[in-house]
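Trainee: In terms of the working numbering, the sequence shown has 92 at position 93, counting the first letter as 1, and numbering is strictly consecutive. The beta-carbon is built from N, C-alpha and C at its ideal position, and this holds for glycine as well. Values in this document were obtained by computation on a predicted structure and should not be read as measured data.
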Amino acid sequence: MYYAENPDAAHDIHELRVELLGNKMTFLTDAGVFSKKMIDFGSQVLLKNVSAKEGERLLDVGCGYGPLGLSLAKAYGIIPTMVDINNRALELAQQNAVKNRVEAEIFQSNIYEQVKGQFDQVISNPPIRAGKQVVHEVISGSFDHLVAGGVLTIVIQKKQGAPSAKNKMEEVFGNCEIVRKEKGYYILKSVKV
Numbered sequence: 000m001y002y003a004e005n006p007d008a009a010h011d012i013h014e015l016r017v018e019l020l021g022n023k024m025t026f027l028t029d030a031g032v033f034s035k036k037m038i039d040f041g042s043q044v045l046l047k048n049v050s051a052k053e054g055e056r057l058l059d060v061g062c063g064y065g066p067l068g069l070s071l072a073k074a075y076g077i078i079p080t081m082v083d084i085n086n087r088a089l090e091l092a093q094q095n096a097v098k099n100r101v102e103a104e105i106f107q108s109n110i111y112e113q114v115k116g117q118f119d120q121v122i123s124n125p126p127i128r129a130g131k132q133v134v135h136e137v138i139s140g141s142f143d144h145l146v147a148g149g150v151l152t153i154v155i156q157k158k159q160g161a162p163s164a165k166n167k168m169e170e171v172f173g174n175c176e177i178v179r180k181e182k183g184y185y186i187l188k189s190v191k192v
């Protein structure tokens, strides 16, 4: 289970070479982490619909081995904060930051438990298999970690709960925009006003 703190799957290291946001990047992946054989389609769609300005503070919740936060760091010159409950994924994310020559603050946190401070953006490809309650905690917990005018952007498949997630974002933020729909994936965005 990729959303476990310490996955017990036997190691099976892979190296992915991909182009994301115009940059050639390399990622080490392993058994027990989400989408170990490729950058999942949802993450790719999310990346195409998020941008950042230099100096912005961005939090990647459920970062896995790092494709979202590290790609944004490389493309926009930001230093993202990246958290996950999965220690195996975090070790890979730290190695991948070095491998791709980007700086990031990467640490273990069960959603927002260890996160301090506020951010201009929170992004997430939430762990759907962990259940609706966890997805809703990613949404509701982001509010206190966003500055005024800050943005939460998530990707979620329609069949895996996009309508429910959209309702939760509207409940928490008072707004939610469907930024994009692509092959059943929804990019949902809320602004803290």
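Which whole runs of the alpha helix (DSSP H) in the segment 109 to 145 are 4 residues long or more, in chain order?
Mentor: 131 to 141
Trainee: Indicate the three-state DSSP secondary structure (helix, strand or coil) for Tyr64 in the structure shown.
Mentor: coil
Trainee: Shortest alpha-carbon distance to Val134 belongs to which of Arg100, Val146, Ser163, Glu14?
Mentor: Ser163
Trainee: Going by C-alpha distance, which of Val97, Gly173, Pro79, Asn166 is nearest Val190?
Mentor: The residue with the shortest Cα to Cα distance from Val190 is Gly173.
Trainee: For the 8 Å Cβ check, are there 3 or more pairs between the segment 95 to 110 and the segment 150 to 169?
Mentor: Cβ pair count under 8 Å is below three, so no.
Trainee: Report the rounded CA-to-CA distance for Tyr1 versus Thr28, giving the unit in angstroms.
Mentor: In this prediction, Tyr1 has a pLDDT of 43, which is less than 50 and means its spatial position is unreliable; nothing more can be read from the coordinates.
Trainee: Let me know the secondary structure DSSP gives Ala147 once reduced to three states.
Mentor: strand
Trainee: Taking 8 Å as the cut-off, does the segment 118 to 128 touch the segment 52 to 61 (at least 3 CB pairs, one atom from each stretch)?
Mentor: yes
Trainee: Decide if Ser50 is buried, meaning its Cβ has at least 16 other Cβ atoms within 10 Å, or exposed.
Mentor: exposed
Trainee: So what does DSSP say about Lys23, is it helix, strand or coil?
Mentor: strand
Trainee: List the whole-angstrom C-beta distance separating Val154 from Gly21, where the pair is believed to meet the contact cut-off of C-beta under 8 Å.
Mentor: The beta carbons of Val154 and Gly21 sit about 20 Å from each other, so the pair does not count as a contact at 8 Å.
Trainee: Measure from the alpha carbon of Ala103 to the alpha carbon of each residue in Gln132, Lys180, Gly76, Asp119, then state which is nearest.
Mentor: Gly76
Trainee: For His13, which three-state DSSP category applies?
Mentor: strand
Trainee: What do you reckon, are the CB atoms on Leu151 and Lys188 nearer than 8 Å?
Mentor: yes
Trainee: Between the C-alpha atoms of Asp143 and Val114, what's the straight-line distance to the nearest angstrom?
Mentor: 11 Å
Trainee: Report the rounded CA-to-CA distance for Glu90 versus Lys165, giving the unit in angstroms.
Mentor: 32 Å
Trainee: Given a cut-off of 8 Å, decide if Ile110 and Gly140 are closer than it, judged by their beta-carbon atoms.
Mentor: yes
Trainee: Would you report the Cα separation of Ile84 and Ser108, rounded to the nearest angstrom?
Mentor: 5 Å
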